[in-house]
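Asks:
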Amino acid sequence: MRALGAVIVAVSIVASVGRAGAQAGDAQAGKAAYEKKCALCHGDKGDGKGPAADLLDPRPRDFTTGIYKIRTAASKTPTDRDLFDVITRGMPGTFMPPWDVLPERDRGNLVAYLKTFAPDKFKEAPKKQELPKEVAASPESIKRGKEMYEAIECNKCHGAEGRADGPSRAELKDEWGFPIRPANLTKRWNFRGGGGRAEIAMRLATGVLGTPMPSFVDSVEKPDDIWHLANYIASLGPEAPNYATLLSAQAVKGNIPDDPDAEFWKRQVPQNIPLAGQVTIDPRNFNPSIDMVALRAAWSDTEVAFHVTWDDPTQSAADAAKKAPPDAVSLQFPQKIAEGAERPYFLMGNEADAVYLLRPRPAHVPTGGLPADRVPGAGRRRRGDREEDVPDLVVLSAAGGASIEPPFRRSSGRGGPHVGGDAARGSGREQTRVTSRREESEQCGEHSEPSWRRRSWRASRWSSSVPAL
6 MRALGAVIVA VSIVASVGRA GAQAGDAQAG KAAYEKKCAL CHGDKGDGKG
56 PAADLLDPRP RDFTTGIYKI RTAASKTPTD RDLFDVITRG MPGTFMPPWD
106 VLPERDRGNL VAYLKTFAPD KFKEAPKKQE LPKEVAASPE SIKRGKEMYE
156 AIECNKCHGA EGRADGPSRA ELKDEWGFPI RPANLTKRWN FRGGGGRAEI
206 AMRLATGVLG TPMPSFVDSV EKPDDIWHLA NYIASLGPEA PNYATLLSAQ
256 AVKGNIPDDP DAEFWKRQVP QNIPLAGQVT IDPRNFNPSI DMVALRAAWS
306 DTEVAFHVTW DDPTQSAADA AKKAPPDAVS LQFPQKIAEG AERPYFLMGN
356 EADAVYLLRP RPAHVPTGGL PADRVPGAGR RRRGDREEDV PDLVVLSAAG
406 GASIEPPFRR SSGRGGPHVG GDAARGSGRE QTRVTSRREE SEQCGEHSEP
456 SWRRRSWRAS RWSSSVPAL
């Protein structure tokens, strides 16, 4: 099996050289392709100062320095194949897209032209970085890799669980003095240079030039530790996000755990929902750093619970001076199940198709809520033979002062959402999750409540994360 693997690797290398290495590109032809496809970000002079550069985070590469992040060379100079692969695959987690849509000849010509920006760096042929003999992934290898992860202090930047929330993250800067975020090791699909075990091992061996990520060849105790560490990192998350289009909920007998860290929730497979920007007007960021949420759901005879987590690289918090609220998430439900594939407009519905929202409580609303006459948008609703106030928000209290409000909020997209029904306070136990429950209620006209059994919202902890290798 190992011999066969070696043969495959050898053939792959020969084939690669045959396609992009042995055949030298035409720099002059590459210049035309560069000006058409690359200069907008990287600039006409290749200095990373194109017209779009100031709008991008991370910033475009400055080719005039000859510093390239991704390489398979022991020297600081990438091989032609390294450059060709980056052009082809792009840089996941950045604005650099894959250019595999270009003919192979054009990509080869681009490689030749990029080298003209720093010709002195490419005078000597790069020497390939050799890896130690491969070690297969196993529980023992992963355990050893975790030990090395802590011993060489990977957790200082990447965090204890690899979520890019280490204590040093705020201090990190790249070669040019710009702030840089550590990789979120739980999102291997964003690893620049690839998320496979061999590709991770290569990044550990070569480091990532222009960033605080060094080579660890001389830092580990034994050469095999490079593979143990790669195996551990690969165990932290899947190689692909496997986005879900339909949320499945686990049937449960008895009570659904309130603790977001309960083993019950850890056993539920997360269902990842991608996020994309909607507003493209300054200063809103049309490419949000929070690129997905992970949902878990469970239901019983009396309630349904949603466990929502997301990684926030900016650790956004409320800032009164900037009038900036903290990050929040809403879950939207149709007022009624429509026939066919048509769904309500996802930005709080519209006049023709109202929706119900489960959403966090704004930080300025005190725990325990506000009286109806103090809540913006409060209205009146007829319930049976009496009228009552309908506050815009019904707020629940939480142990430890957690800021969360989540009963159903009805919105017609006209700025006058309503909430229906009574809500019980959250559990008094110490927890980071809050529960709101709504008893079954009757339909009462335009501002009627949903005829649903008790509902529960579980808001779990969140941590920081981002880009990748």
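Start counting the sequence shown at 6; every next residue gets the next number (the working numbering). Here a beta-carbon is modelled for each residue, glycine too, at the ideal position from N, C-alpha and C. Since the model is a prediction, treat every value here as computed from it, not as a measurement.
Write down the C-beta distance between residue 216 and residue 134 rounded to the nearest angstrom, noting that I regard them as a contact closer than 8 angstroms.
Replies: About 17 angstroms separates the two Cβ atoms, so there is no contact after all.
Asks: From this set, 100, 85, 186 and 273, which residue's C-alpha is nearest residue 57's C-alpha?
Replies: For residue 57, the nearest C-alpha among the options comes from 100.
Asks: Suppose you measure from the CA of residue 247 to the CA of residue 276; what does that come to, to the nearest Å?
Replies: So the alpha carbons of these two residues sit roughly 8 angstroms apart.
Asks: For residue 304, which residues from the same chain have a beta carbon less than 7 angstroms from its beta carbon, with the 5 sequence-adjacent residues on both sides left out?
Replies: Within the same chain, residue 304 has close Cβ partners 254, 256 and 257.
Asks: Considering only the alpha carbon of each residue, which of 138, 139, 140 and 165 lies closest to residue 477?
Replies: Because the chain here runs from 6 to 474, residue 477 falls outside it and cannot be looked at.
Asks: Name the two residues that bound the continuous alpha helix (DSSP H) containing residue 270.
Replies: Element bounds for residue 270: 268–272.
Asks: For residue 140, which of helix, strand or coil comes out of DSSP?
Replies: If DSSP states are grouped into helix, strand and coil, residue 140 belongs with coil.
Asks: Tell me, please, which residues DSSP counts as bridged to residue 338.
Replies: In the DSSP output, where bridge partners are listed per residue, residue 338 has 361.
Asks: Sort 121, 189 and 32 by Cα distance to residue 315 and report the nearest one.
Replies: Selected option, being the one with the closest Cα: 189.
Asks: Could you tell me which residues DSSP pairs with residue 277 in its beta bridges?
Replies: Paired residues: 299.
Asks: CA-CA distance, residue 107 and residue 88?
Replies: The straight-line gap from Cα to Cα measures roughly 14 angstroms.
Asks: Given 8 angstroms as the limit, is there contact between the segment 73–92 and the segment 138–153, that is, 3 or more CB pairs closer than that?
Replies: Too few Cβ pairs lie closer than 8 angstroms, so no.
Asks: Considering Cα atoms alone, identify which of 30, 326, 85 and 103 is closest to residue 43.
Replies: When each option's Cα is compared against that of residue 43, the closest is 103.
Asks: Residue 35 and residue 117 look like a contact to me (Cβ under 8 angstroms); what is the Cβ gap, rounded to whole Å?
Replies: The pair is a contact, with the Cβ atoms about 5 angstroms apart (cut-off 8 angstroms).
Asks: In chain order, what residues of the same chain have a beta carbon less than 7 angstroms from the beta carbon of residue 233, not counting five sequence neighbours either side?
Replies: Answer for residue 233: 140, 146, 149, 150 and 153, listed in chain order.
Asks: To the nearest angstrom, how far is the alpha carbon of residue 27 from that of residue 240?
Replies: Note that residue 27 scores 41 on pLDDT, short of 50, meaning its location in the model is unreliable and no value can be drawn from it.
Asks: Return the CA-CA distance between residue 81 and residue 337, expressed in angstroms with no decimal places.
Replies: Rounded to whole angstroms, residue 81 to residue 337 spans 50 angstroms at the Cα level.
Asks: Put residue 116 into one of helix, strand or coil per three-state DSSP.
Replies: The answer is helix: DSSP assigns residue 116 an H, G or I state.
Asks: Can you check whether the CB of residue 196 is closer than 8 angstroms to the CB of residue 185?
Replies: Cβ atoms of residue 185 and residue 196: not closer than 8 angstroms.
Asks: Nearest to residue 309 by alpha carbon, out of 263, 346, 92 and 344?
Replies: Among 263, 346, 92 and 344, the Cα nearest to that of residue 309 is on 263.
Asks: In this structure, does DSSP put residue 124 in helix, strand or coil?
Replies: The answer is helix: DSSP assigns residue 124 an H, G or I state.
Asks: Please list, in chain order, all residues of the same chain as residue 177 whose beta carbon is under 6 angstroms from its beta carbon, the five residues on each side excluded.
Replies: The residues are 185 and 217.
Asks: Between which two residues does the alpha helix (DSSP H) holding residue 44 run?
Replies: Segment 44–47, the alpha helix (DSSP H) holding residue 44.
Asks: Is the beta carbon of residue 114 sitting closer than 8 angstroms to the one on residue 30?
Replies: The answer is yes: Cβ separation under 8 angstroms.
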